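Trainee: Residue numbers (the numbering used here), protein chains in the order written: chain A, 1 to 317; chain B, 318 to 734; chain C, 735 to 1092.
Positions of the beta carbon are idealized from the N, C-alpha and C atoms, including for glycine.
For clarity, every value in this text was computed on a predicted model and none was experimentally measured.
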Amino acid sequence: MAEARITYPPPRTAWDRYNPIRLIGEVSETRYWMYLLLLPSALLICAVVIYPTLYGMQMSFREMRLNRPDLGTDWVGLKHYARMLADPIFWVSLRNTAVWVTSAIALEFLIGLVAALALNRNLPGSKVLAVLILLPYFLPNVVAGHMWALMLDPRLGVINDVLVHLGWLAGYKAWFADPSTAMAAAIVVEAWHSFPFFTLLILAGLKGIPIDLYKAADIDGAGPFAQLRLITLPMLRTVIAAAVILRVIGLVNSPDLLLILTSGGPGRSTQVLSLYAFQTAYKDFNFGYAGALSVVMFILLMGFAWAYVRLSKVNED
Amino acid sequence: MTSRFDRRSVLKMGGGLLAASALLPRAAFAQSTAINYWHTFTSQSEFAGLDEVMKLFAAAHPEVAVTQENIPNPEFMAKVTAAVVSGSRPDVTMVSSERFADLLAMGALNDLTDKIAAWDRRSDFDDVRFASISKDGKVYGVPAFTFVDWMYYRKDWFDEAGLAPPTTYAEFRDAAIKLTDPAKGRFGFGMRGGAGGQAYVINVMEGFGAKLMHEDGSISLDRDKAIEAVDWWSGLLVKDGVVPPSAPNDGFRQIMEAFQTGQTAMLWHHTGSFQDNAKLLKAGVEFATAAIPAGPVNRVSRLGYAYNTATKPETIDASWEWIKFWGEPDAAVAFLEKTGYFPASTKAAQDERISGNPLYKPAADTLGFGIPSPSFPGFAGWSESVVLPAFQRVLIKEATPEQAVDEMIDGLNQAIA
Amino acid sequence: MATLSINSIRKSFGAVEVLNNIDIQLEDGGFLVLLGPSGCGKSTLLSIIAGLETSSGGDIVIGDRNVNDVHPKDRNIAMVFQSYALYPTMSVRRNIGFGLEMRKVDAREREAAVDRAADLLQIGHLLDRKPGQLSGGQRQRVAMGRAIVRNPELFLFDEPLSNLDAKLRVEMRTEIKRLHDRLGTTTVYVTHDQVEALTLGTQVAVMKAGVIQQLADPETIYTKPANMFVAGFIGSPTMNFLRGTLEAGAGGLQLRHAGGTLAMPGLEQDASTHLGREVVAGIRPESLHGGEAAAALTGIVDVVEPTGPDTMVVVKVGEQLLTARLGPKHRPRPGETLRLGVDAASINLFDPETENRI
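1) Considering only the beta carbon of each residue, do residue 723(B) and residue 540(B) sit closer than 9 Å?
2) With a floor of 4 residues, list each alpha helix (DSSP H) that falls wholly inside the segment 784-808 of chain C, ordered by position along the chain.
3) Go ahead and pull the three-state DSSP assignment for residue 836(C).
4) In its own chain, which residues sit with a C-beta less than 7 Å from the C-beta of residue 1098(C), not counting the 5 before and 5 after it?
5) Among 866(C), 771(C), 808(C), which has the Cα closest to the Cα of residue 824(C)?
6) Need the endpoints of the alpha helix (DSSP H) that residue 27(A) sits in, please.
7) State the Cα-Cα distance for the pair residue 41(A) and residue 34(A), rounded to the nearest angstrom.
8) With distances taken between CB atoms, is the gap from residue 366(B) to residue 654(B) smaller than 9 Å?
9) Which residue marks the beginning of the beta strand (DSSP E) containing residue 813(C), and which one marks its end?
10) Check the Cβ of residue 58(A) against every Cβ in chain B and list those closer than 9 Å, keeping chain order.
11) Chain A partners of residue 709(B), CB-CB under 7 Å?
12) Could you check where the beta strand (DSSP E) with residue 75(A) kicks off and where it finishes?
13) Could you pull the start and end residues of the alpha helix (DSSP H) that residue 473(B) belongs to?
14) Does any residue of chain B have a CB that is nearer than 9 Å to the CB of residue 55(A)?
15) Using CA coordinates, which residue listed in 362(B), 392(B), 529(B), 375(B) is at the minimum distance from residue 279(A)?
16) Any idea if residue 1013(C) is buried or exposed, counting beta-carbon neighbours within 10 angstroms, 16 or more meaning buried?
17) Mind listing the chain B neighbours of residue 212(A)? Cutoff is C-beta to C-beta under 9 Å, in chain order.
18) Using a Cβ-Cβ distance under 9 Å, would residue 127(A) count as near chain B?
19) Determine whether the beta carbon atoms of residue 963(C) and residue 1016(C) lie at a separation below 9 Å.
20) Could you give the distance in angstroms between the alpha-carbon of residue 801(C) and the alpha-carbon of residue 758(C)?
21) Does residue 889(C) have its Cβ less than 9 Å from a Cβ in chain A?
22) In its own chain, which residues sit with a C-beta less than 8 Å from the C-beta of residue 346(B), not counting the 5 before and 5 after it?
23) Shorter than 8 Å, the distance from the beta carbon of residue 461(B) to the closest heavy atom of the ligand GTP, or not?
24) Apart from the five residues on each side of it in sequence, which residues of its chain come closer than 6 Å, Cβ to Cβ, to residue 624(B)?
25) On the DSSP bridge assignment, give the partners of residue 920(C) in chain order.
26) Are there three or more Cβ pairs, one per stretch, closer than 8 Å when the segment 697-708 of chain B is compared with the segment 664-679 of chain B?
27) Specify whether the segment 545-561 of chain B and the segment 458-477 of chain B touch according to this definition: at least 3 beta carbon pairs, one from each stretch, less than 8 Å apart.
28) Name, please, each residue of chain A whose Cβ falls closer than 7 Å to the Cβ of residue 701(B).
29) Kindly list, in the order they appear in chain B, the residues whose Cβ is closer than 8 Å to that of residue 124(A).
30) When the Cα atoms are used, what is the spatial distance from residue 675(B) to residue 681(B)?
31) Would you mind telling me which residues of chain B sit closer than 9 Å to residue 176(A), beta carbon to beta carbon, in chain order?
32) Can you give me the C-alpha to C-alpha distance between residue 942(C) and residue 771(C), rounded to a whole angstrom?
33) At what residues does the alpha helix (DSSP H) containing residue 683(B) begin and finish?
34) Are the C-beta of residue 812(C) and some C-beta of chain A separated by less than 9 Å?
35) When the Cα atoms are used, what is the spatial distance from residue 397(B) to residue 506(B)?
36) I want to see whether chain A comes within less than 9 Å of residue 571(B), judged by CB atoms only; does it?
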C-alpha cells in the first residue's frame, strides 16, 4: 500500500504527517478509498435491509402470534410453508398477483411508451404536456386511490356519469362490487397512476437513440412500425427491462392501492399476496405466517428478476 | 410501507386536520407533563367533540398538556403494534372493545384496577361498562363513550307508505321490500358489505342463534344457524334486491352517502353518526331513529365502548387525569352534543339534555338490552379477513351460504388453535 | 445510375436563410463534393437530396424524375452517415441487408448481395458481429456495405471520414475513390476537408453561408479560385494574400507593395481593368521558391517550420507575412533576409472590395 500511495506534495513538517485532512487526501489516492466511500451506505443497507430481511426469514420458521403469547415463539420448522401449500387463499392470492401485476404493467408499459413517443417529437407544447402527463406519478398511492374510489363511486362517480351520458352504460355501475370488473378497474387505476414511470424512463431512453438511425431506416425503407419494432424497442431493451423489474417489485410488494380500493374484495377477487401478508401480520397478528408469505414473495421476485434478465438478454451487448 | 387510510378518513380528513391544527398550539404551553393521545376519530363532528373535551380538560387541568394524534382505523392495529414492539408507545390510547383482547395479549395495556377503585366517579358507571376492558379481575381502562348500535330510517318515506319502524328482522325485510323503488332510485336498506361489514354479519348470525362464545367459555359457530343467517342477510341483495348493487364494496362512507342522498330508506350504524346525518337530513322530520330490530332467536344490538387506556407506564399518573376526565358529565355531554356518541357514565346519560330528547330514546332503550360484541384474541382478525370475504363471496354469488359458513368455521378454528 | 439536378433549392428556418438558390447539375457517374465550413448548409442540402428534409423551394431531379414529393425510401438512394448509423442491435449481416429486407427481397438473393458487398469491402469475416464489436474503420466499411448492397442510383456521404483517425481517414479515402471508380455510381459527398474534396470530387461545390462560392472541377478550384474565400479555404498552408497597387511595368503588369515591387511576367489573368487600383495578389506557398526567377520578393525570415518533405518559411514582406513552401534543404535562419523567387504565372489577382477574382 505504501508504494501505491501517491504523496504530493511531500510532507513538510512532522505535524503535516498527522494532519487529518492530509491523511484523507492520501487515502483518497488509493484504491481503498472506494471501499471507504461505500462503507456508510453498506452499513445502512445492512441495518435497514439485510438485518430485517434475515429477521423476517427466521420469523417464518417460528411460531409468532403477537396476540397469542400462550403459544410461545418456538421454532416450528416448515409448518408455515406446509400450511401455505394447503391454503386456498394463498393460491388465489398468487393467481391474482400474477394477473394484477402482468396486466397492470403491460398496460402501463403501453401507455407509457405511446406517451413517451409522443413527447419525444418535441412538438410545441410538449414540455407543458410532459409535466401534465407526469402528474399522476407525483400523487401518493393513497391520494390516487381515494381519488379514483370517488370517481368510480356508484353514487357520486363522475365516470359513471360520463359513461351513462355517452350511452355506454345503462345505469350506474358499482365497479368494485362486481368481481368481474373490480380487478379490471383496479388495474386501470394502477396503470393511470404509474404509466408516467414508464414514460419518464422510456423518454430518457429515447433521447439516447441517435437520430441518424431513423434517417438511415427511412432510407432503408423501414416504416414507422418497423422502426419501432426493429430500432426503438431493441434500443430501449435495457431501459424497459429495468423499468419492468422495478415496477414489478414495487407492485408485488405494495398493497396500498388495492387496500384502499377493494381491501381484496369483493370476496377474494382482488386479494393479492402483499395484501394477504399485510392482513396476516396486522389483522391476525400472525407474524410467523406473514413472514413465510413474505419470504415466498421475495423468492418469487428474485426468480422473476433472474429469469427476466436472462430472457430479455439485457446483459448481452 | 407508506401510511394508508380508509375511505372514510380521507373524506373527512380535510376537516379533521383543520380541527387538529387548531388543537396543536395548546401543546406549546405545556407546563409540567405532556401526554400524547392516540385515537381513531376521523369525522369533522368527532374532531369537534374531541376539541371540546380538550378545551374543558385544559381549563380543569392546566398541569397536564394533551396532544392528540389521529390514527386511522385500518392502520390502527399496525401502528399500535409497531409502537409497542419498538417501545415508542403513546401515553394514552383509545381502545375499542373488540381490540382489547389482542392488545392485552400483546402487553400493550397497563393495570388501572386500583386507580379506578379509588375513583370518586366510579359509582356513576354500571359495572357492565367495564366488562369489555377487564380480564381476570384486572381493569385496564375507562369507557370514554359508548357505541350504541341503532337504526336510522327515512321517517318521511315510512309515513308516506304507512309503515311503522320495524322491530323484528321479518318486519325489517318487509319494510325494505316495500320501500324499494328502482324507478325512484330507492333501496330499502343500505347494507355494509364492504370494509367494516363483518360486524353486521356476526350480529345477524347471533340474531339467528349462532352465538360465538358460549357459557362454558368455548368458542364455536353453529353451522346450520349461521347458514340460515347468512342466507337471509345476503338474500337482501341476491334474492330480494332491496339493497344497492354496490353493497359488496360499500363501507362506511358509501352507506352514509347513500342514506344522506336519499338512496336508501334504512341504515344500521351507531349513534356517533347522528350529527353527520342531521346536517343533511332534517332530524325528526326526514329521518328518525329506532332500535335495531330483533332477530328470530336473539336480540343483538351492540353496545361497544371506546376505552381510554394507559399504554405508557412512566406517565400513568398524568394519563389517569385525562382518562378519567371523560367520565365527567360535562365532558360526556359536550361530546355527545358535537357527535351523537352516548356517554358511558349512567349519571351523564341521565342528564336532562339527553333524556329530554325523544330522538335519543332508542339509544337509551338499547343501553338496557344491548350486549357487547364477542371478544377473544384473534376475533378481530378472523372477522375481518375471513368472515367478511366469505360473506362477500355470497353477495357476488361466488359461494353459497354453506360454503361461506364452512370457510368461516375453518378460519375460526385456525384463529383459536 | 443517374444524373442529379439541383434546381434553385432554397431552405429557410423562419427568417434564417440556410440555402440560397442552389443550382448544381451532376453528370451520370459524377462525384460531387459539397465543401465548406460548418454551418454553410452543405449537410442540409444533402438531407434535402436524400428527402430527409424538405426544401422551401426548388426541385431535386434524380435521373429524369422529380423527387420533391418522393419518400426517401423510394428515391433509390443510399446514404452513409458521419455516425455510421449502424443498427446496434443487429448483426453486421442484417445491417447490410436491412434495406433489402425492408424491400422484401427474398432471403437467398439478399444473402448473395450481402456477401458480394462484404467481399468488395473485405468485411466477410465480420458479418456475424454486432456493430459494437467493430473498430471505427470496420464500422465505416459496414456503413458503406449497407449503401452499396442495394445498388442505388445515388450515393450520399455525409462527412463519412471525420470520425476516423488521420491514418484511417487516408486509407478510407482511397477506398471510397476505388469504390467509385469501380461502381461508377453517381455520388454526392459532404465534407469540410479540402483534401478529401480535391482528391475525390469530379466536381467540387465550395459553399459558405448557404451560397455556392464556386462550382468547378478540383483543379480549377485550386488554381483559379473564384474569390478570396475559396482561395483561403483551399490549400494548406493557405494561399498568401499580398496587397498592393497594380501598375504597368516593363515586362507586363507589376504589383507595388509595401516591401517593394513584384513583377508578374507571364500572368495569365487579364487584369488591365484594374490598373492603378488596389488589388490583392494570391500566391500559393509552393509558388514561392528558393531559386532565381524574373519575379521575386525580398523579406525577413520570421519562422522556419521543417515538415520533412518541405520546409515552411514565414517571411515578412513589408508589413505582410507570407508563407513559402521550400525544399527540405532550405534552412534559413530567423532574422535573415531571404529572397524568394515567384512563379508569377500562377498568381491570382483579387479585387479587395468584392473579394472576387479579377
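Mentor: A quick look at the data gives this:
1) yes
2) none
3) helix
4) As shown, chain C starts at 735 and ends at 1092. That puts residue 1098(C) outside it, with no answer to give.
5) 866(C)
6) 20-27
7) 12 Å
8) yes
9) 811-814
10) Within chain B, no residue comes near residue 58(A); the closest Cβ sits about 16 Å away, beyond 9 Å.
11) 265, 266, 267
12) No beta strand (DSSP E) holds residue 75(A); DSSP gives it neither H nor E.
13) 472-478
14) no
15) 392(B)
16) buried
17) Per Cβ cutoff of 9 Å: no residues; residue 212(A) is ~44 Å from chain B at best.
18) no
19) no
20) 15 Å
21) no
22) Interpretation of residue 346(B) is limited by its pLDDT of 43, a score under 50 that renders its predicted location unreliable; no figure is taken from the coordinates.
23) No copy of the ligand GTP occurs in the structure displayed, which carries no ligand at all.
24) 412, 450, 458, 460
25) 888(C)
26) no
27) no
28) 283
29) Result: empty, since nearest Cβ-Cβ is about 38 Å, beyond 8 Å.
30) 10 Å
31) 511, 563, 565, 566
32) 7 Å
33) 678-686
34) yes
35) 35 Å
36) yes
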